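Contents: one structure, followed by commentary.
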Amino acid sequence: MTFSHDVPTHVMTFFRQVGRFTEYWTLFEKMALTLELQQSQTAICVVDTVMGIPGAVTAKQLESGCREGERKKWKVWEVYRCRLHLLMYLLLHSLYKLLYTGSIKILVPQIYLCNIDSHFPMLSSHSFLLLNPSANDSGASYNDQLIILWRWPFFCKNANRTKNQIFVLLWRDAVKMLTLECRGNEVIESCAISSDALWVAYLVQGYPRLFRFYPPQPGSPISVRRIREISSDIETSSQIMWLGEGTLASATKNGSIQVISVTDVEAKLVKNLLLEDGHNVRLMAANKDGSTVVVADNHECVTAFNLNDGSKISLPQYKAPITAIGINSVTNNVVVACSDLMILEYSLTVKKYTDSGRNLMNNLPPEWSKRHSTIQHISFDPKRPNIVILHDDASIIYLDKNKTNSDTSEKASKMSRYDSSFENSNSSSGAGGNQNNITKISSGAARCSFSIIRRPNHVLHFSHLKNEYTISVEFNPLQLLDKLPPVLKKEKFGTK
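What the sequence shown shows, in full-length UniProt numbering, is residues 1 to 496, in sequence order.
Dropping the structure here:
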């Protein structure tokens, strides 16, 4: 049964009751979360409009019938009117939580209001994030209509390396090298930057726009060239990813991955990687040299494509939806994070689950299974192949697959900060709070350990960068209160 809104067809969220569970879905076929049916629940959605007309924020409440056994129904509880640009950022409200924003706006109940069967982000969190920083000191950020290439001088300096862990505020000395801006009401749907920051690609209405960036050299200024000759074989795309300098992977909307060769003059289709009929790409990852592409589709199937020999491997299908995937370039192992917080590791070399992955499946620590946030990103440290780096919306997690019980008894050290001004919770970085709540969860049978670093901010992205560097993009949700419409900022009677 589908609970529909009495609003136009471009509403971004709808509900469906399946047995005793209520599922929250988006029109992009990505489930937000599944809630066990309660006597009373509330939900909220945003009606997307065009031409700057104020949108409607509709709150719905699940009401039971008058007679016992009568089906519960969603009814309009309250309707707010506000301008959409006020909801273009992460929204924190006393009752509701906006999981992702940008050109798409979806609000769902906070997860701890009821029992949860499974839940995961309905959209990837790439907007407003730093993308694929280069081998040296460059990276990019983007929003709905703007892409900026930055240079971070910090990586050229000798920071205090006597401490194990330091925080560095990248934006303080960042130098803006290039700005790409869309025309009119165009919206950037996906963006990618190559590993050396020489190629930039983004999607507008599914069509790729490609640029070659020429960094500054002695005696020559910064320049950029747009590649306008794009082969007619290249289809519209839902997401893109650089496999290397001049090689782009594009997930088409008809269930294939196109490998595109890009030069300074033109872009040509090299090969098509096909999924099963009716399957569409939802998540993509690749190893460091771009020879292997791993894809999770909308049927929760994971497929690994070898671009060198043209072979593909289908991983065993797991029962829960997939929230993140990654491939370790050193071990050639695929790591999959699922909505029930299970972590799977599959070896593409021997074509079966690894021993550590199988032990983890059979002996997942109970404390880990009780967590309420799903994994959003997976990365690896090439120098430590036994370490898997994860993050959810509030924590940074290190999974050590080979850790013994004696190792897990060690007390975690506190993270120190590189800049004393970074201690200010009201700083522009949004990295408020001066302590990290570090928790270690281990299971002796699985010989693994989860080191969970609880952050005071919303973690948008965290991954390994280069050598001993990792990069974390965080946002202080308290800074968003000023962006709320007055009707949403108003406190309830008798509350503070």
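Every residue, glycine too, gets a C-beta built ideally from N, C-alpha and C. Small disclaimer: the values here were computed from a predicted structure and weren't measured.
Proximity below 7 Å, CB of residue i to CB of residue j
i       : j       : result
Leu-198 : Phe-213 : yes
Arg-151 : Met-177 : yes
Ala-320 : Asp-340 : yes
Ile-389 : Ser-373 : no
Lys-268 : Ser-237 : no
Asp-392 : Ser-449 : no
Ser-395 : Ile-452 : yes
Leu-274 : Ile-313 : no
Ala-249 : Val-259 : yes
His-458 : Val-473 : no
Glu-186 : Val-200 : no
Pro-365 : Ile-441 : yes
Leu-243 : Ala-286 : yes
Asp-196 : Glu-245 : yes
Ile-375 : Asp-381 : no
Residue range of the beta strand (DSSP E) that includes residue i
i       : result
Ser-385 : Checking the displayed sequence, the identity of residue 385 turns out to be Pro instead of Ser. It spans 384-391 - the beta strand (DSSP E) in which Pro-385 sits, taken as one unbroken run.
Tyr-318 : From DSSP, Tyr-318 is part of no beta strand (DSSP E); its letter is neither H nor E.
Ile-375 : It is not in any beta strand (DSSP E) - Ile-375 carries neither H nor E in the DSSP assignment.
Ser-463 : 458-466
Leu-146 : 146-151
Cys-448 : 448-454
Identified DSSP bridge partners for residue i
i       : result
Lys-351 : Answer is none; Lys-351 lacks a bridge partner.
Cys-301 : The partner list for Cys-301 (beta bridge, DSSP) is empty, contrary to what the question assumes.
Gly-244 : Thr-247
Asn-306 : Thr-292
Met-284 : Val-295
Arg-209 : Tyr-202
Val-262 : Ala-267
Ser-472 : Phe-462
Ser-311 : Per DSSP, none; premise fails for Ser-311.
Arg-225 : Arg-212
Secondary structure of residue i, DSSP reduced to three states
i       : result
Tyr-275 : Note that residue 275 is Leu in the sequence shown, not Tyr. Three-state DSSP puts Leu-275 in coil, outside helix and strand.
Asn-333 : strand
Gly-357 : helix
Tyr-96  : Reliability of the predicted coordinates at Tyr-96 is poor, the pLDDT of 35 falling under 50, and no value is obtained from them.
Asn-402 : coil
Asn-362 : helix
Val-187 : coil
Gly-219 : coil
Ala-174 : coil
Ile-441 : strand
Ser-326 : In the sequence on display, residue 326 carries Gly and not Ser. In the structure shown, Gly-326 sits in a strand (DSSP, three-state: E or B).
Ile-234 : coil
Lys-253 : coil
Thr-408 : Caution applies to Thr-408, whose pLDDT of 39 falls short of 50 and renders its modelled position unreliable; the model cannot decide the point.
Ala-192 : strand
Ser-339 : coil
Ala-394 : coil
Trp-197 : Here residue 197 turns out to be Ala, not Trp, going by the sequence shown. Residue state, collapsed to three classes: coil.
Trp-77  : Residue placement at Trp-77 cannot be trusted, given a pLDDT of 48 that sits under 50; the coordinates are not used to answer.
Residue range of the alpha helix (DSSP H) that includes residue i
i       : result
Pro-366 : 366-369
### Message
Assess contact between the segment 262-272 and the segment 294-302, defined as three or more Cβ pairs (one per stretch) separated by less than 8 Å. Is contact present?
### Response
By the Cβ test, the segment 262-272 is not in contact with the segment 294-302, since fewer than three Cβ pairs between them sit closer than 8 Å.
### Query
If we count Cβ pairs, one from each stretch, closer than 8 Å, do we get three or more for the segment 175-188 versus the segment 245-257?
Contact between the segment 175-188 and the segment 245-257 is not established, with fewer than three Cβ pairs separated by less than 8 Å.
### Task
Count the C-beta pairs between the segment 280-294 and the segment 329-339 that are closer than 8 Å, then say yes if the count reaches three, no if not.
Judged by Cβ distances under 8 Å, the segment 280-294 makes contact with the segment 329-339, as three or more pairs qualify.
### Query
Does the segment 267-280 come close enough to the segment 315-328 that 3 or more CB-CB pairs lie under 8 Å?
Touching, no, given that fewer than three Cβ pairs across the two stretches are closer than 8 Å.
### Query
Taking contact to mean at least 3 C-beta pairs separated by less than 8 Å, is the segment 185-194 in contact with the segment 219-234?
Under the Cβ criterion (8 Å, minimum of three pairs), the segment 185-194 does not count as touching the segment 219-234.
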